[in-house]
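Here the sequence shown is numbered in the working numbering, starting from 173 and rising by one per residue.
By construction, the Cβ of each residue, glycine as well, lies at the ideal position given by its N, Cα and C atoms.
Data first, discussion second: the structure below is written as structure tokens.
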Amino acid sequence: MRLASTARASVLVSAPMASSRAAPFSTTSYMCKRKTKDNNKKRGVSSLYRSGPREHISMSNVPLPQPRADYKPSITVDEKHGLWGFFPEPNKLMWTPAETEKHGRAWTVEELRRKSWEDLHALWWTCCRERNMLATSKAELIRSRLGFGDREIAAREAEVDKTMRAIKHTLTERQYIWEDATEVAESDPEIDLHAVDGQFYKPSAYEEESHVPDAWASEAAKPAEASKGEPTKVPS
173 MRLASTARAS VLVSAPMASS RAAPFSTTSY MCKRKTKDNN KKRGVSSLYR SGPREHISMS
233 NVPLPQPRAD YKPSITVDEK HGLWGFFPEP NKLMWTPAET EKHGRAWTVE ELRRKSWEDL
293 HALWWTCCRE RNMLATSKAE LIRSRLGFGD REIAAREAEV DKTMRAIKHT LTERQYIWED
353 ATEVAESDPE IDLHAVDGQF YKPSAYEEES HVPDAWASEA AKPAEASKGE PTKVPS
């Protein structure tokens with residue numbers, strides 16, 4: 173009997189201790205549960221799809237301003253802007269095949285030999301601008317998948333390439349001539365390429381000055397000397 177009573181007393185005493193160890197946390201776990209599945213509070217908010225926040229906020233009932241449908245900003249564009257060089261004309265994306273096909277022939281080397289350095293420089297950059305315009309047209313044909321205009325652009329671009337090769341040929345000839353002339357000038361004692369005063373041609377630097385009478389003066393003096401020895405004639 174004593175053993176049974178002591179066992180019951182131990183069970184009664186250990187029961188409150190077991191209950192206190194089994195629930196050491198708060199019982200309001202449902203109140204702490206997150207409303208969203210992730211930590212991003214702005215998940216689902218998109219200005220593109222007009223999806224607002226998931227929770228109701230203080231500004232939810234405020235109407236948003238509507239944009240004006242007839243509003244068009246006035247932007248001034250320079251008609252002489254350098255980027256217009258990538259297009260055939262201002263405010264025109266590309267030429268038609270008939271317009272692209274209207275072009276002349278390429279410049280020849282014989283014609284370019286008579287041009288100055290400034291003319292060749294201007295013609296070179298004109299060809300570069302033409303190539304940029306044709307490259308823009310080719311990119312637009314690929315993007316829009318029109319399916320026509322490639323042959324006309326290729327033919328026009330071939331003439332531009334011939335002109336640029338002719339310009340290079342002409343400038344290469346002039347470079348070779350300049351190098352040959354420089355070698356001749358360095359071996360010529362009359363020419364000083366390193367002159368400080370800018371007077372490169374100096375013929376008096378090595379010639380000895382000597383007084384040489386002119387031929388016409390000696391011929392004019394002969395009749396005068398002959399007339400001195402003859403007696404004067406008195407008319408009768």
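Coil, strand or helix - residue i by DSSP
i    : result
K264 : strand
S288 : coil
D309 : Checking the sequence, you will find Ser at residue 309 rather than Asp. DSSP places S309 in helix when its eight states are reduced to three.
I314 : helix
Y378 : For Y378, the predicted model reports a pLDDT of 49, less than 50, meaning its position is unreliable; a value from the coordinates is still stated below. The answer is coil: DSSP assigns Y378 none of H, G, I, E or B.
Pick from the options that is closest to residue i, judged by C-alpha positions
i    : options                   : result
E290 : D333, A270, I339 and R317 : I339
P361 : D352, E351 and F372       : F372
E261 : S288, E302, D322 and S359 : E302
I325 : L313, K334 and P245       : L313
T335 : Q347, C299 and G321       : C299
G321 : V332, A278 and K274       : K274
V168 : N263, Y348 and E345       : One cannot answer for residue 168 here, as it falls past the ends of the chain, which runs 173 to 408.
E265 : E331, M305, D364 and A241 : Residue 265 is actually Leu in this sequence, not Glu. It is M305 whose Cα lies nearest to the Cα of L265.
S288 : L343, I363, D364 and R240 : L343
V281 : H253, A327, A294 and H341 : H341
P269 : R286, V234 and A327       : A327
G276 : E358, E345 and E331       : E331
W279 : V217, H366, P239 and R337 : R337
L295 : D364, D333 and R323       : D333
Status (buried if at least 16 other CB within 10 Å, exposed otherwise) for residue i
i    : result
A377 : Note that A377 scores a pLDDT of 46, beneath 50, so its modelled location is shaky and nothing firm can be said.
I247 : exposed
E329 : buried
W297 : exposed
S309 : buried
W350 : exposed
L318 : exposed
V368 : exposed
L284 : buried
T272 : buried
First through last residue of the alpha helix (DSSP H) which encompasses residue i
i    : result
S359 : D322 to S359
P269 : P269 to T272
The ligand SAM heavy atom lying under 8 Å from the CB of residue i
i    : result
S309 : Here there are no bound small molecules, and the ligand SAM is not part of this structure.
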